[in-house]
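The next block holds one structure in the form of C-alpha cells; read it before the comments.
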Amino acid sequence: MTDKAVPDAATQRDIYRRMALIKANDERSRKVIHAGRVVMPYYSPRGQEVIPSAISVNLTDDDYICTIYRGTHDMLAKGVPLRDLWAELAGRVTGTCKGKGGPMHITHPKSGVMVTTGIVGSSMPIANGLAWGSQLKGDGRVTVAYFGDGASNIGAFHESLNMASVWKLPVIFVCQNNEWGEHTSYEKATSARQIADRAHGYSMPGVRVDGNDPFAMYAAAKEAIDRARAGGGPTLIEAMTYRFHGHVLGDADAYMDKARKQAAIDADPVPRFRTLLIDTGVATEAELAAMEAEIEAALDDAIEYALASAWPGVEELSRDVFAQGAV
C-alpha cells in the first residue's frame, strides 16, 4: 500500500472551485426548469460534487471520461464549457451536439467528455473501447467510466471489468454509490456488501472510499490513475455518497427515509469543505466569495447565451447520421 497522496493548497482550491460550480449549476438548473425557461429531463447530482471534482484534478485535458444521464457534475468537473453545455441543455444549435442530444447525451471530445449515455451501465464497455485505443496508440491517456450502484448488477459491468483486467486497459471504473438505483435502495437490489469487493473476482484493485471526503477521494483517484497510466491496468473505485433529490426532477422521493436524507443534507460536502479551506488557511472568505461570484456570473452568461441561440434547422434531421460524402 502506497502512502496516501495529499492535494496541495492550489489543488484543494481547484477541487472546491469545481464543487462550487457543480452545486451552483444544479441550483440554477432546477430554478430555470421550474420557471419554464428550459424544458428538459433533469437528474440532479446534488450531494455528489466531490467525486468528479477530486478525480478530474488528477486528469489531463486529453484524458477521457464516459458518464451517464446523472452526470452533469462529471461533465463540469472535466471542463465542458458552460455556454456549450447550456446551449445543448436548451436544445440549441450552438450546443455540444447541435441541440440534438440534450441533457442525456452531452458529448464534448475537446474536454475529454466522450459520451453521456442514457443506457444504464453502458459507459463501461465504451470506456474500455477508448482505453483499448489509447493502449494501442500508446498515447498515455486514461479513461474514467462513471456509473451508479444500480449499474453494478448488469452484465456490462462484469463483462467490462473482466475484459479490462485481461487486457490491462488504462481505465478506472468509478461507481458513484448514492444508495439508490432509481427508486430501489441498494440493500434491496444488491447481494454484495460492497461493490468494491467485486473487483477481486477480476484480479484488479477494488477500493471503497468516502466520496464526500475530498482528501480520501483525491488519494484514491490519484493512485488508480497513476497505476493505469503506468500500464498497471484497471481499478474499481466505489465512492460512497448520497443523492439529495429524487431520481428525476419531479420525483417526490417519498420512498427515501427522511432522517437518512436529512442527515446527508446536514453533512453537505460543499459548505463543509469551504469551511475547512478557510479554517486551515488554504483560502480566505473573500477569495472563495469572489470565486463563487465568478461562477454565478458565468452561469448568467451561459444561460442567456443558450436562450438567445437559434434552434436547429430542419436540415439537421438528416445530418450527422452518416459521414458527410459517404456512399
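Residues 7 to 333 (my numbering) make up the sequence shown, in order.
C-beta atoms are modelled at their ideal positions from N, C-alpha and C, and glycine is treated no differently.
Mind checking who residue i pairs with in its DSSP beta bridge?
i       : result
Phe-153 : Cys-181
His-189 : His-189 is not bridged to any residue.
Tyr-224 : BP columns for Tyr-224 are empty, so no partner.
Trp-212 : Note on identity: in this sequence residue 212 is Gly, with Trp being the wrong assignment. DSSP output for Gly-212 lists Leu-242 as bridge partner(s).
His-114 : Val-119
With C-beta atoms as the reference, is residue i less than 8 Å away from residue j?
i       : j       : result
Arg-98  : Ser-324 : no
Met-169 : Pro-109 : no
Ile-201 : Asn-183 : yes
Pro-318 : Lys-104 : yes
Gly-144 : Tyr-70  : no
Ala-195 : Arg-204 : no
His-189 : His-253 : yes
Cys-72  : Ala-133 : yes
Glu-55  : Pro-275 : yes
Leu-167 : Met-210 : yes
Pro-176 : Ser-140 : yes
Phe-163 : Met-120 : no
Asp-216 : Ala-225 : no
Ile-301 : Ala-30  : yes
DSSP state of residue i, grouped into three classes?
i       : result
Met-7   : Per-residue confidence for Met-7 stands at a pLDDT of 42, beneath the threshold of 50, marking its modelled position as unreliable; the derived number appears in the next sentence. Residue state, collapsed to three classes: coil.
Met-120 : strand
Tyr-70  : strand
Ser-324 : helix
Asn-134 : helix
Thr-100 : coil
Arg-147 : coil
Ser-158 : helix
Pro-318 : coil
Pro-109 : helix
Asp-219 : coil
Asp-125 : The sequence shown places Ile at residue 125, not Asp. Three-state DSSP puts Ile-125 in coil, outside helix and strand.
Arg-199 : coil
Gln-330 : coil
Gly-139 : helix
Lys-174 : coil
Gly-207 : helix
Arg-89  : helix
Arg-235 : helix
Pro-13  : coil
So residue i packs on residue j, CB below 8 Å; how close in whole Å?
i       : j       : result
Ala-137 : Thr-149 : 4 Å
Ile-231 : Val-38  : Incorrect: roughly 34 Å between the Cβ atoms, too far for contact.
Leu-305 : Tyr-22  : Actually they do not touch by this definition, with Cβ atoms about 17 Å apart.
Ser-62  : Arg-24  : 6 Å
Ala-96  : Ala-312 : 4 Å
Tyr-192 : Ile-74  : No, Tyr-192 and Ile-74 are not in contact; Cβ-Cβ is about 17 Å, not under 8 Å.
Ala-234 : Ile-178 : 6 Å
Leu-91  : Thr-102 : 7 Å
Tell me whether residue i counts as near the ligand MG, meaning its Cβ is closer than 7 Å to at least one heavy atom of that ligand.
i       : result
Arg-235 : The model on display carries no ligand, and the ligand MG is accordingly not part of it.
Along the chain, which unbroken stretches of the alpha helix (DSSP H) at least 4 residues long are found entirely within the stretch 15-67? 15-40, 56-62
Any alpha helix (DSSP H) of 4 or more consecutive residues that is wholly inside the stretch 238-312: 264-272, 275-285
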